[in-house]
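J.:
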Amino acid sequence: MTIRQLKKTVKVKDLEIKKEIPLPVKMTSLLEGIQTGKLEEEFDLLRVTEGIVFLLGIEPDFKYAKEYRGIVEVIHSNVKDYILYLSKYYLDNKNLIESYIYLNAQDALLDYDADLFFTRLGVLEQIYNENIELLEDEEKQEIVSKLLKGYEDITKKEEYPLALYKLGHINTGIGNHLKAMLYFKKFLNFDGNDELKNEVRVNMEELEDYARMEEGEAYLRYGKFREAENAFNKISESYYEVDKVSYYKSIINYHLGNYEEAYELIEEAIEKVNREEYYNHAALVSVALDNIDQSIAWYEKGLEEFNRSYTLNYNLGLLYYNLKDKKYKDYFQKACEIGPSEQLLSLLK
0 MTIRQLKKTV KVKDLEIKKE IPLPVKMTSL LEGIQTGKLE EEFDLLRVTE GIVFLLGIEP
60 DFKYAKEYRG IVEVIHSNVK DYILYLSKYY LDNKNLIESY IYLNAQDALL DYDADLFFTR
120 LGVLEQIYNE NIELLEDEEK QEIVSKLLKG YEDITKKEEY PLALYKLGHI NTGIGNHLKA
180 MLYFKKFLNF DGNDELKNEV RVNMEELEDY ARMEEGEAYL RYGKFREAEN AFNKISESYY
240 EVDKVSYYKS IINYHLGNYE EAYELIEEAI EKVNREEYYN HAALVSVALD NIDQSIAWYE
300 KGLEEFNRSY TLNYNLGLLY YNLKDKKYKD YFQKACEIGP SEQLLSLLK
């Protein structure tokens, strides 16, 4: 792109273009050979308007943005269609960045338009997907946040089902399954888009377990044990982390005083997967059942799998300490090596 200066003020239709206004000209225009009239011998109006759209796509607040908008509006009766035309050409030719730049000009050339706004976000998604391996984590997070905010802004301004559809998919991708379910449910309330609706229904079946898991975890954090239990009970046996469901249900029963049930559930979890927190919880439940030997056995078994666990070493040491058994020193010492603390050091003296 180059900037040209008029030799004199020129009138195009009802618009006067002052010679002081620099005009961007797209030298690599897609509109080669199309003539609509000349400002001066070397100026093709479409090269100028394309240059304006490109420049304002890069810098919407450019000094002459207002004047440029006037020029584009005079030359093109439908500015929205013109922007879409330019963007689509580059999109079809696999030039996503230029396609996005042209769409970005909408901020300077038009008042808010949901279709253009949505299309721009769609191109940004394509840029993200095609470059995901090259992007740093911070860059990925920035783009995803921009996409979420953009689609959410559309839904706040008007009813736009496809924005809800996109929000469902993006939230699924980043693990916000409960949010994804809510957006998909809203999308299904609108007429049309039957093919997409069938796809969404299939996705929702898969999301159901994830959403219930998130719901249960949220209730658990706030100590709402009955509500959490109700959510976890709705999760199918085919859920990929069914062991964690048993673990959470064991925690719930532990807090509700159902220690026998809690013990059976934590055993189920450990049978499926070995996790440090599972062994620790099994030991705590055993203490609640007044079975100290069993508690010690769980800690020891856990340490066979996770010998560098601060939690298991510390808690077994604390159990021995309360039993006045000098073995506590060995486990406190190991815990100190993993995560030194003044409290532990004082107990070892």
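Going by numbering that gives the first Met the number 0, the first residue of the sequence shown is number 0, and it counts up by one from there. Heads up, the beta-carbon is just placed ideally off N, CA and C, and yes, glycines get one too. All values derive from a computational prediction rather than experimental measurement.
(1) Tell me, please, which residues DSSP counts as bridged to Thr1.
(2) Is it right to say Val244 is buried, meaning 16 or more other beta carbons lie within 10 angstroms of its own, or is it exposed?
(3) Have a look at Glu137 and Tyr327 and give me their C-alpha separation to the nearest angstrom.
(4) Between Leu90, Ile2, Arg119, which has its C-alpha nearest Glu19's C-alpha?
(5) Could you give the distance in angstroms between the alpha-carbon of Ser294 and the alpha-carbon of Lys223?
(6) Here's the rule: buried if 16 or more other CB atoms are within 10 angstroms of the residue's CB, otherwise exposed. What is Lys7?
(7) Run the proximity test for Lys233: is its beta-carbon closer than 8 angstroms to any non-hydrogen atom belonging to the ligand PLP?
(8) Taking Ile16 as part of the beta strand (DSSP E), name the residues at either end of that continuous run.
(9) Are there three or more Cβ pairs, one per stretch, closer than 8 angstroms when the region 153-164 is compared with the region 125-139?
(10) Kindly list the residues whose CB is nearer than 6 angstroms to the CB of Gly149, restricted to its own chain and excluding five residues on each side of it in sequence; keep chain order.
(11) Who are the near neighbours of Ala210 in its chain, counting only those whose CB is closer than 7 angstroms to its CB and skipping five residues on each side?
(12) In whole angstroms, what is the alpha-carbon distance linking Glu226 and Ile250?
(13) What is the rounded straight-line gap between the Cα of Thr310 and the Cα of Glu304?
(14) Start and end of the alpha helix (DSSP H) containing Lys145?
(15) Three or more beta-carbon pairs under 8 angstroms between the region 229-242 and the region 183-199, yes or no?
(16) Check Lys328 in the structure and name its three-state DSSP category.
(17) To the nearest angstrom, how far is the alpha carbon of Val241 from that of Ala261?
T.: Concretely, from the data shown:
(1) Val24
(2) buried
(3) 45 angstroms
(4) Ile2
(5) 27 angstroms
(6) exposed
(7) This structure lacks the ligand PLP, and indeed carries no ligand of any kind.
(8) 14-16
(9) no
(10) Leu120
(11) His176, Leu177, Met180
(12) 13 angstroms
(13) 13 angstroms
(14) 136-156
(15) no
(16) helix
(17) 16 angstroms
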